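Undergrad:
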Amino acid sequence: MGKMPMLRGLMAKQLTIFVENRAGRLKAISENLHKNNIDIRAFTIQDRGDYGLLRLIVDKPSDAYLALADVGCACALKDVLAVSVPDQPGNFSKLTSALAASDINITDAYGFVLQPHKTGICCMEIEQSQLAKAAQIVTQAGFVVLEDEELYRL
Amino acid sequence: MMDAPFWNREIETADRSGIEQIQLQRLKETVGWALKTALYRKRLGHVGINSPTDIKSLDDLRRIPFTTKDDLRVSFPKGHLAVEMGEVLRIHSSSGTTGIPTVIYYARNDLDNWTDLLARSIVATGSTSADVFQNMMTYGLFTGGLGLHYGAERVGMTVIPIGGGNTKRQIQTMKDFQTTVLHITPSYLLHIHSKLGEDGIRREDLALHKAFIGAEPHSENTRRKLQDLLHIDAYNSYGLSELNGPGVAFECICRKDMHVWEDAFIPEIVDPKTGEVLKDGQEGEVVLTNIVRRATPMLRYRTRDLAFLHPQGCDCGRTHRRLSRILGRTDDMLIINGVNVFPSQIEEKIMKIPEVATNYQIHVDKKGALDRLTVKVEIYPKLFLGEVSKLEALKHKIIEELRSSITISPGIELHEPGSLPVYEGKAKRVVDERPKD
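Taken in sequence, the protein lines are chains P and V. With this note's numbering as the guide, the letters of the first sequence map in order to residues 1 to 154. With this note's numbering as the guide, the letters of the second sequence map in order to residues 1 to 437.
In structure tokens:
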């Protein structure tokens with residue numbers, strides 16, 4: 001079977017921020033991040049009606065966390081499985097099939113194209129207990145898992 | 001003088017000296033029972049009352065110190081019980097300002113007396129044994145349901161013990177059995193009206209004649225609106241579990257405020273700050289002494305309701321004085337769809353939940369005809385894990401904790417840290433946006 005490829009660095013971190021669902025909240029956060037020289041690579045919002053969770057991939061997640069916590073924001077850094085996916089038809093299906101075959105549940109995900117027809121990124125939230133296994137499965141299926149610095153430097 | 005209906009004409013039209021004789025006799029007995037309780041023994045002794053014979057006139061009532069809700073909390077569970085548990089036939093309880101409830105015990109005669117007062121109240125409205133009575137108040141530990149239930153049965157009405165909720169079923173039942181009399185909160189009655197016609201049942205299909213409305217203060221305008229909208233007569237009803245429950249005061253066919261049954265209760269209106277007893281016509285805090293209950297004697301209980309007593313008589317011929325509708329509270333108690341809620345109950349529960357910070361707000365408004373309670377809390381940043389499932393679980397946890405204390409399910413809104421108003425000095429925790437008509 002061969003040796004399992006090991007992760008060399010740390011799992012990529014996503015910054016999750018609790019936001020009320022009303023005008024001005026995103027402005028306040030983006031201004032804060034800009035002031036602290038934080039670069040946003042990707043973002044999405046999970047909307048829950050009266051509130052939402054703003055999820056961001058930034059270049060300096062720890063700095064961003066401290067900057068936001070400093071002004072009283074409720075935020076957290078979460079491990080995510082960030083996978084580099086070649087931008088050709090069928091690859092997303094291949095990725096999700098590999099995980100499903102081992103009964104790994106993707107609790108949340110978002111994706112974006114980095115370089116058209118070359119690379120896409122899929123960021124997945126997976127339950128902590130399954131995360132390491134998921135990383136191995138995805139690597140075995142031929143995808144590259146982006147570790148922290150690799151993701152931030154995109 | 002009109003030909004008004006009476007349950008017990010002799011008592012209800014007794015002259016003042018007749019009533020006062022009865023009151024004095026019963027006050028002495030009640031003091032005797034009270035002296036058997038831990039709650040009253042010492043405090044009566046301190047003012048020189050060690051036996052019923054120390055009560056020589058009704059003026060002696062004023063020597064007795066007031067009883068407060070806190071006193072009942074401290075004496076929970078049995079400090080105010082005057083008989084052996086074996087003699088207790090019923091226990092009712094209501095929520096306290098904090099986690100400790102208020103408990104009232106009834107011996108057999110106490111229940112009988114209470115039922116009789118309700119029968120008297122029901123007959124005073126012109127209701128009879130020919131009526132079909134739909135009791136839409138909560139059954140259980142709450143006194144509103146069972147109190148009227150037994151009173152209505154004693155009058156011989158046909159009683160439908162349906163309890164609260166399930167509006168569709170309520171309206172269907174009104175049609176199926178051609179209900180003539182309802183017992184309901186004013187806000188729920190407005191809600192019922194708004195739902196008529198939805199399932200093809202119109203007002204014309206119903207036989208409603210009267211509603212006994214209580215458990216929440218409401219204005220004369222609201223009563224008139226209910227009467228006009230539903231083509232019924234609405235009768236105001238006042239009571240509180242500490243004094244039995246409903247049946248302390250009730251409107252007669254004149255519907256010009258509620259007769260307090262003075263052979264069963266000694267009402268006083270006092271200045272809430274000084275405790276001075278005020279004259280008829282002056283507004284103050286309603287203080288009540290129950291003189292027909294043995295198991296749980298209650299002397300000069302401060303209701304924290306504000307009202308006045310009418311000095312004039314009533315066209316019905318009854319000589320028991322009328323209590324005005326309740327004009328306000330001396331404390332911060334809220335009434336949400338007939339349920340008493342103290343902000344302190346909410347605070348107590350919220351402070352125990354670590355994921356929620358200490359800044360919160362209680363918001364009350366109207367959704368259609370019904371009251372709506374929303375508790376706004378700030379999440380606590382240090383315990384925020386970034387997961388929706390945990391936040392939703394937190395909401396459910398807050399609802400469950402609050403519901404166990406205040407019995408109703410509030411809406412919960414999660415807010416960002418630092419987003420709710422902060423106050424210098426005393427926080428304004430409650431925002432009540434309901435119109436004060």
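For glycine and all other residues, C-beta sits at the position ideal for the given N, C-alpha and C. Since this is a predicted model, take the numbers as computed values, not measurements.
Is DSSP giving V:Met298 helix, strand or coil here?
TA: strand
Undergrad: Quick one, are the C-beta atoms of V:Glu283 and V:Phe308 less than 9 Å apart?
TA: yes
Undergrad: If we count Cβ pairs, one from each stretch, closer than 8 Å, do we get three or more for the segment 254–263 of chain V versus the segment 155–172 of chain V?
TA: no
Undergrad: Using the rule of at least 16 other Cβ atoms within 10 Å of the residue's Cβ for burial, across every protein chain shown, is P:Leu66 buried or exposed?
TA: exposed
Undergrad: Here's the rule: buried if 16 or more other CB atoms are within 10 angstroms of the residue's CB, otherwise exposed. What is V:Ala82?
TA: Buried.
Undergrad: With distance defined between alpha-carbon atoms, name the residue in P:Glu20, P:Ala135, P:Pro116 and P:Lys94 nearest to V:Leu420.
TA: P:Glu20
Undergrad: Could you tell me if P:Leu95 is buried or exposed, where buried requires 16 or more neighbouring beta carbons within 10 angstroms of its beta carbon?
TA: Around the beta carbon of P:Leu95, 16 or more other beta carbons sit within 10 angstroms, so the residue counts as buried.
Undergrad: Three Cβ pairs or more, each shorter than 8 Å: is that satisfied between the segment 306–323 of chain V and the segment 276–293 of chain V?
TA: yes
Undergrad: From the beta carbon of V:Ile379, is the nearest beta carbon of chain P less than 9 Å away?
TA: yes
Undergrad: 9 Å is my cut-off, CB to CB: does P:Gln88 come that close to chain V?
TA: No, P:Gln88 lies away from the interface with chain V (no Cβ there is under 9 Å from its Cβ).
Undergrad: DSSP state of P:Met4, grouped into three classes?
TA: Because the pLDDT of P:Met4 is 48, which lies under 50, any placement of that residue in the model is unreliable, and the question is left without a value.
Undergrad: Jot down the residue ranges of each uninterrupted alpha helix (DSSP H) in the segment 318–347 of chain V, minimum 4 residues, whole runs only, in chain order.
TA: none
Undergrad: Alpha carbons only, please: which of V:Val364, V:Gly147 and V:Phe133 is nearest the one belonging to V:Tyr139?
TA: V:Gly147
Undergrad: If you compare alpha carbons, which of P:Gly72, P:Val58 and P:Ile137 is closest to P:Leu99?
TA: P:Ile137
Undergrad: Pull up the distance between the alpha-carbon of V:Val132 and that of V:Gly145, whole angstroms please.
TA: Their Cα atoms are separated by approximately 16 Å.
Undergrad: Taking the CB atoms as reference points, tell me whether P:Ile45 and P:Gln14 lie closer together than 9 Å.
TA: Contact flag unset, no.
Undergrad: Please name the residues in the segment 400–415 of chain V whose beta-carbon is closer than 8 Å to at least one beta-carbon of chain P, in chain order.
TA: Glu413, Leu414 and His415
Undergrad: Give the residues from the segment 41–61 of chain P that approach chain V closer than 7 Å (Cβ to any Cβ), ordered along the chain.
TA: Gln46, Arg48, Asp50, Tyr51 and Leu53
Undergrad: Look up P:Tyr152 in the DSSP assignment and say whether it is helix, strand or coil.
TA: helix
Undergrad: Hey, could you find the ends of the alpha helix (DSSP H) V:Thr167 is sitting in?
TA: Thr167 to Asp176 is the extent of the alpha helix (DSSP H) around V:Thr167.
Undergrad: CA-CA distance, V:Val270 and V:Arg322?
TA: 16 Å
Undergrad: May I ask which residues mark the beginning and end of the alpha helix (DSSP H) holding V:His193?
TA: Pro186 to Lys195
Undergrad: Using three-state DSSP, classify P:Arg22 as helix, strand or coil.
TA: coil
Undergrad: Measure the Cβ-Cβ separation of V:Glu355 and V:Arg429 and say whether it is below 9 Å.
TA: no
Undergrad: Would you kindly check if the distance between the Cβ of V:Ile253 and the Cβ of V:Pro5 is under 9 Å?
TA: It is a contact, given that the beta carbons lie within the stated cut-off.
Undergrad: By DSSP's criteria, V:Thr102 is part of a beta bridge. Which residues make up the other side?
TA: V:Ser94
Undergrad: I'd like to know if V:Glu392 contacts chain P, where contact means its C-beta is closer than 9 Å to some C-beta of that chain.
TA: yes
Undergrad: Does any residue of chain V bring its CB to less than 9 Å from the CB of P:Lys3?
TA: Here P:Lys3 scores only 48 on pLDDT, less than 50, and its place in the model should not be relied on; the value that follows carries that caveat. Taking Cβ atoms only, chain V never reaches closer than 9 Å to P:Lys3, which makes this a no.
Undergrad: I'd like to check one pair, V:Ala152 with V:Gly338: are the Cβ atoms closer than 9 Å?
TA: no
Undergrad: Report all residues from its chain with a CB closer than 6 Å to the CB of V:Leu117; omit the five preceding and five following residues, and keep chain order.
TA: Gly247, Trp261 and Ala264
Undergrad: Identify which residue in P:Thr16, P:Leu33 and P:Leu77 has its Cα closest to the Cα of P:Leu54.
TA: P:Thr16
Undergrad: Could you work out which residues of chain V lie near P:Phe18, taking near to mean beta carbons separated by less than 7 Å?
TA: Residues of chain V passing the Cβ test: Ile379, Phe384 and Glu416.
Undergrad: In or out: P:Gly49 buried (at least 16 other Cβ within 10 Å) or exposed?
TA: Under the 10 Å beta carbon count, P:Gly49 is surrounded by fewer than 16 other beta carbons and is classified as exposed.
Undergrad: How about P:Cys75: is its C-beta nearer than 9 Å to some C-beta of chain V?
TA: yes
Undergrad: Unbroken beta strand (DSSP E) runs of length 3 or more, entirely within the segment 353–383 of chain V: which are they?
TA: 356–367 and 370–379
Undergrad: DSSP three-state call for V:Thr115: helix, strand or coil?
TA: Per DSSP, reduced to three states, the secondary structure at V:Thr115 is helical.
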